[in-house]
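> Under my numbering, the residues of the sequence shown are numbered -6 to 302, in order.
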Amino acid sequence: MAQKPKRLRRCQLAVPGSSDKMMTKAASLDVDHIFLDLEDAVAPAAKIPARAQIVTALNTLDWGKSVRCVRINDLDTQYAYEDIIEVVEGASANLDTILVPKVRSACDVRFVDRLLSQIELKLGLTRKIGIEVLIEEAEAIMNVEEIASASERLEALVFGMGDYSASQGIDPRAVSGDTGYPGDIWHYARYKVIVAARSFGIDAVDGPFVNFRDGEYFRTECRRAKQLGMVGKWAIHPSQVAIAQEVFSPAQDELDKAHKAVAAYREAQAQGLGAIQVDGQMVDVATVRLVQGIIDQAEAIGMKPTGDT
-6 MAQKPKRLRR
4 CQLAVPGSSD
14 KMMTKAASLD
24 VDHIFLDLED
34 AVAPAAKIPA
44 RAQIVTALNT
54 LDWGKSVRCV
64 RINDLDTQYA
74 YEDIIEVVEG
84 ASANLDTILV
94 PKVRSACDVR
104 FVDRLLSQIE
114 LKLGLTRKIG
124 IEVLIEEAEA
134 IMNVEEIASA
144 SERLEALVFG
154 MGDYSASQGI
164 DPRAVSGDTG
174 YPGDIWHYAR
184 YKVIVAARSF
194 GIDAVDGPFV
204 NFRDGEYFRT
214 ECRRAKQLGM
224 VGKWAIHPSQ
234 VAIAQEVFSP
244 AQDELDKAHK
254 AVAAYREAQA
264 QGLGAIQVDG
274 QMVDVATVRL
284 VQGIIDQAEA
294 IGMKPTGDT
């Protein structure tokens, strides 16, 4: 398995590629990942002009540490292949990933992979552009394992519950609030996406919560996704960014406990012990594996344990 680029995806902010004002605003935000949209957020008449707007924005704005991504149109449309060609040829040095919506099978991913390879060869690029895909069709859930293994470029699976609801016939109110369903209505689909992503060393990201005025329920949805193993969530409004990045970051006391457990276990190993007790809880090799994920994430964010300068 090829080593994937390590990118933070605690929050992926959606920004219409047809709005210069919104793209400029997004570039000024402290957010892990920004995708400039050519699909749902852009009217049909604006889709072709938006390509040039996105290229200009990528090439002229300071995006800081944010991952720079472009969501193309559905591969079944007449726009998709030229979306890729024009954006990649125009802004390749300032583009990190392409986000592909409504992927249904591994063939969709391989098509984008092959087209990117041809463009990179033409331009003499040495840095490969990554692929992220939206799992938002019932067929995609059925085929998610083969999708996850389709390309070495693939970096993330994103669960898009909006279109998935339409595809499966789920109550549309579920994407904007509590429908009274006894539990997480997205549990099965989320879990299947996460298992596939983890199996192939890629990130699993949760999709949008459309009622951006309800910050508390957005926080609840972030927690649900995190507890299952997702690394982040979409934001459709800047007000959601801070919530997502907070929820998907370890708390300071959580990080301190993780470092304490790992240090104690290493000391125990040196004494020939396989399991020990730390603060009333057993710590063994499985525990260390669990908390190492917290430590790795904290390092990527720039967090340090208390007292470490």
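We put the beta carbon where it would ideally sit given N, CA and C, even for glycine.
For D196, which residues of its own chain have a beta-carbon under 7 Å away from its beta-carbon, when the five flanking residues on both sides are left out?
Within the sequence shown, the letter at position 203 stands for residue 196. Closer than 7 Å at the Cβ level, and outside the excluded window around D196, lie R2, E148, A149, A190 and V224.
> CA-CA distance, E129 and A268?
Stepping through the sequence shown from its first residue, residue 129 is reached at position 136. Stepping through the sequence shown from its first residue, residue 268 is reached at position 275. Distance between the alpha carbons of E129 and A268: 43 Å.
> Give me the DSSP bridge partner(s) of A7.
By one-based count along the sequence shown, residue 7 stands at place 14. In DSSP, A7 forms a bridge with F28.
> Which residue comes first and which comes last in the beta strand (DSSP E) that contains D196?
For this step, residue 196 is matched to residue 203 along the sequence shown. D196 -> beta strand (DSSP E) spans D196 to D199.
> Going by DSSP, name the residue or residues bridged to M275.
As a working mapping, residue 275 is identified with position 282 in the sequence shown. In DSSP, M275 forms a bridge with Q270.
> Since W227 sits in a beta bridge, which residues does DSSP pair it with?
As a working note, residue 227 is residue 234 in the sequence shown. Answer is Q5, bridged to W227.
> Tell me which residues share the same chain as S158 and place their Cβ nearer than 7 Å to its Cβ, disregarding the 5 neighbours each side in the sequence.
Locating residue 158 in the sequence shown gives position 165, counting from the first residue. Closer than 7 Å at the Cβ level, and outside the excluded window around S158, lie P165, A167 and V168.
> Please give me, in chain order, every unbroken run of the beta strand (DSSP E) with length at least 3 that falls completely inside the region 118 to 193.
Qualifying beta strand (DSSP E) stretches, in chain order: 123 to 128 and 147 to 152.
> What does the alpha-carbon distance come out to for the pair K(-3) and E145?
Walking along the sequence shown from the start, residue -3 turns up at place 4. Walking along the sequence shown from the start, residue 145 turns up at place 152. If you take the alpha carbons of K(-3) and E145, they lie about 8 Å apart.
> Can you tell me whether DSSP reads I91 as helix, strand or coil?
The residue labelled residue 91 in the question sits at position 98 within the sequence shown. I91 falls in the strand class under three-state DSSP.
> Pairing CB atoms from the region 49 to 66 with CB atoms from the region 247 to 254, are three or more of them under 8 Å?
Counting Cβ pairs under 8 Å, fewer than three are found: no touch.
> From G57 to K226, what does the alpha carbon distance come to, in whole angstroms?
Indexing the sequence shown from 1 puts residue 57 at position 64. Indexing the sequence shown from 1 puts residue 226 at position 233. Looking at the two C-alpha atoms, the distance is approximately 20 Å.
> How is the beta strand (DSSP E) around V240 delimited, first residue to last?
Your numbering for residue 240 matches position 247 in the sequence shown. Looking at the DSSP string, V240 is not in any beta strand (DSSP E); the run it does join, the alpha helix (DSSP H), is V234 to V240.
> Can you tell me the Cβ-Cβ gap for S98 and I140, rounded? I've got them flagged as a contact below 8 Å.
The residue you call residue 98 lines up with position 105 of the sequence shown. The residue you call residue 140 lines up with position 147 of the sequence shown. Going by Cβ atoms, the distance from S98 to I140 rounds to 7 Å, so yes, they are a contact pair.
> Can you give me the Cβ contacts of I77 inside the same chain, cut-off strictly under 8 Å, excluding the 5 residues immediately before and after it?
Within the sequence shown, numbered from 1, the residue matching residue 77 stands at position 84. Cβ neighbours of I77 beyond the five flanking positions: I65, I91, V105, L108, L109 and I112.
> List the DSSP bridge partners of R61.
On the sequence shown, position 68 is the one that residue 61 refers to. For R61, which the question treats as bridged, DSSP gives the partners I27.
> In whole angstroms, what is the alpha-carbon distance linking T172 and W179?
Taking the first residue of the sequence shown as position 1, residue 172 is located at position 179. Taking the first residue of the sequence shown as position 1, residue 179 is located at position 186. Their Cα atoms are separated by approximately 12 Å.
> Go through its chain and collect everything with a Cβ distance to D177's Cβ below 6 Å, but skip five positions before and after it.
For the purposes of this step, residue 177 is identified with residue 184 of the sequence shown, where counting begins at 1. If we look at D177 and ignore the five residues flanking it on each side, its Cβ neighbours are R217.
> Pick helix, strand or coil for K(-3), following the three-state DSSP scheme.
Residue mapping note: residue -3 aligns to position 4 of the sequence shown, counting from 1. DSSP places K(-3) in coil when its eight states are reduced to three.
> Just confirm the distance between the C-beta atoms of D89 and I122, as a whole number of angstroms; I'd bet it's less than 8 Å.
Translated into positions along the sequence shown, residue 89 becomes position 96. Translated into positions along the sequence shown, residue 122 becomes position 129. At roughly 7 Å, the Cβ-Cβ gap stays under 8 Å, so D89 and I122 are in contact.
> At a Cβ threshold of 8 Å, is K(-3) touching chain D?
Looking at the structure shown, chain D is missing, and only one protein chain is on hand.
> Looking at the unbroken alpha helix (DSSP H) that takes in S110, where does it start and where does it end?
Here residue 110 refers to the residue found at position 117 when the sequence shown is read from its first residue. That run of the alpha helix (DSSP H) goes A99 to L116.
> Would you mind working out which of G194, E82, M275 and V186 sits nearest L114, comparing C-alpha positions?
Along the sequence shown, one-based indexing puts residue 114 at 121. Among G194, E82, M275 and V186, the Cα nearest to that of L114 is on E82.
> Whole-angstrom Cβ separation of K219 and V198, contact assumed at under 8 Å?
For the purposes of this step, residue 219 is taken as residue 226 along the sequence shown, with counting starting at 1. For the purposes of this step, residue 198 is taken as residue 205 along the sequence shown, with counting starting at 1. That belief does not hold up - the Cβ atoms of K219 and V198 are roughly 11 Å apart, past 8 Å.
> For D67, which residues in the same chain have their Cβ closer than 8 Å to its Cβ, ignoring the five residues on either side in sequence?
Translated into the one-based positions of the sequence shown, residue 67 becomes position 74. Here the set comprises E32, A73, P94 and K95.
> So, at 8 Å on beta carbons, what are the nonlocal neighbours of E214 in its own chain, with the 5 sequence-adjacent residues on each side left out?
Your numbering for residue 214 matches position 221 in the sequence shown. If we look at E214 and ignore the five residues flanking it on each side, its Cβ neighbours are D199, F202 and K226.
> Quick check on this structure: which residue in Q161, E292, L118 and I27 has the alpha carbon closest to the alpha carbon of I229?
Locating residue 229 in the sequence shown gives position 236, counting from the first residue. For I229, the nearest C-alpha among the options comes from I27.
> Could you spell out the range, first to last residue, of the alpha helix (DSSP H) harbouring P42?
If you number the sequence shown from 1, residue 42 lands on position 49. Residues K40 to T53.
> In the DSSP assignment, find the alpha helix (DSSP H) that holds T213 and state where it starts and stops.
Residue numbering aside, residue 213 sits at position 220 when the sequence shown is read from its first letter. Where T213 is concerned, the enclosing alpha helix (DSSP H) stretches over G208 to L221.
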